[in-house]
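Step one of this worksheet: look at the structure below.
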Amino acid sequence: MERKILNFQADKIEMILAAHKAPARVWGGRLTARTIQFHIAPAANTKIAKVESLSNEIALALGVNAARVTRTDGTLSVEIPRAEAKFVAFADLKTRLNADDALCRALAQAGTAILGLDAEGVPLLLRMSSPDVAHCLIAGTTGSGKTELLRAIIASFVQHQ
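In my numbering, the protein residues as written are -8 to 152.
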């Protein structure tokens, strides 16, 4: 994604917030496979609830169908879907895992499966043999990827166990 487009979107977020008397500055962000997160720093007099209530206006201004305001580890972010969502291929996950010795050793343990990537882009593993894991429930709405996740877990068990 081009930096110019990201800067334009960041400027629009700042303009929408300022127009609704909730000034904030976009100070960074993160690109994930399916979303763009803009980290924002509200002004001292800006209420977080006001920023959260403006998610529909932000989505409309950016031309996307949804925008979500989240708080993670003390960081306030506006999250929008990417126009060109990238899919995470199982083969790409295996390549990343093979490049990291610690992840390779973890995957070699009995009952460990590849789930996908976390928000930071690090491969996410599930160790079913862990005493902390009694059950694994796969739930979600239609089209959210439950079947693909189950296929990835099964393929992971077949290849590594």
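Cβ coordinates follow ideal geometry from the N, Cα and C atoms, glycine included.
None of these values were measured; they are calculated from a predicted model.
Looking at C-beta atoms only, is the number of pairs between the segment 67 to 75 and the segment 22 to 29 that lie closer than 8 Å three or more? yes
Can you check which of these residues, K77, V113 and A13, is closest to A40 by C-alpha distance? Taking the sequence shown and counting its residues from 1, the one referred to as residue 40 is at position 49. Among K77, V113 and A13, the Cα nearest to that of A40 belongs to A13.
How about the segment 99 to 110 and the segment 74 to 89: do they share at least three Cβ pairs that are nearer than 8 Å? yes
Flag this pair as yes or no: are the beta carbons of M119 and G131 separated by less than 7 Å? The count along the sequence shown starts at 1 and reaches residue 119 at position 128. The count along the sequence shown starts at 1 and reaches residue 131 at position 140. Their beta carbons are not under 7 Å apart, which means M119 does not touch G131 by this criterion.
Whole-angstrom C-beta distance between A104 and S135, which should lie under 8 Å: Residue 135 sits at position 144 when you count from the first residue of the sequence shown. Residue 104 sits at position 113 when you count from the first residue of the sequence shown. The pair is not a contact, with the Cβ atoms about 18 Å apart (cut-off 8 Å).
Would S44 pass as a contact of A58 if the rule is Cβ separation under 7 Å? One-based indexing of the sequence shown puts residue 44 at position 53. One-based indexing of the sequence shown puts residue 58 at position 67. Not closer than 7 Å, so no.
Residue span of the alpha helix (DSSP H) that contains T86, given as start and end: Within the sequence shown, residue 86 is the residue found at index 95, counting from 1. It spans F81 to A90 - the alpha helix (DSSP H) in which T86 sits, taken as one unbroken run.
Quick one: which unbroken alpha helix (DSSP H) runs of 4-plus residues sit fully inside the segment 102 to 146? Chain order, please. none
With burial defined as no fewer than 16 other Cβ atoms inside 10 Å of the residue's Cβ, what is the status of P122: buried or exposed? Your numbering for residue 122 matches position 131 in the sequence shown. Exposed, since its Cβ has fewer than 16 Cβ neighbours within 10 Å.
Top-ranked residue by Cα proximity to A15, from L22, P33 and I7: Position 24 of the sequence shown, counted from the start, is the residue given in the question as residue 15. Taking only the C-alpha atoms, the option nearest A15 is P33.
Work out the CA separation of V149 and F(-1) for me, nearest whole Å. Counting from one through the sequence shown, the residue named residue -1 turns up at place 8. Counting from one through the sequence shown, the residue named residue 149 turns up at place 158. If I take the Cα positions, the gap works out to 46 Å.
What does the Cβ neighbour count give for V42, buried or exposed, with the cut at 16 atoms within 10 Å? For the purposes of this step, residue 42 is taken as residue 51 along the sequence shown, with counting starting at 1. With 16 or more other Cβ atoms within 10 Å, it is buried.
Classification of I129 by the beta-carbon crowding that lies within 10 angstroms, buried from 16 upward: Looking up residue 129 in the sequence shown gives position 138. The residue is exposed, with fewer than 16 neighbouring Cβ atoms inside 10 Å.
What are the boundary residues of the alpha helix (DSSP H) that F29 is part of? In the sequence shown, the residue the question calls residue 29 occupies position 38. Careful: F29 lies outside any alpha helix (DSSP H), inside the beta strand (DSSP E) at T26 to P33.
Identify whether R59 lies in helix, strand or coil by the three-state DSSP scheme. Indexing the sequence shown from 1 puts residue 59 at position 68. Note: R59 maps to strand in three-state DSSP.
Please say whether I7 and E48 have beta carbons closer to each other than 7 Å? Indexing the sequence shown from 1 puts residue 48 at position 57. Indexing the sequence shown from 1 puts residue 7 at position 16. Yes; because the gap between Cβ atoms is below 7 Å, this pair is in contact.
What three-state label does DSSP hand E48 in the structure shown? The count along the sequence shown starts at 1 and reaches residue 48 at position 57. Here E48 sits in helix by DSSP.
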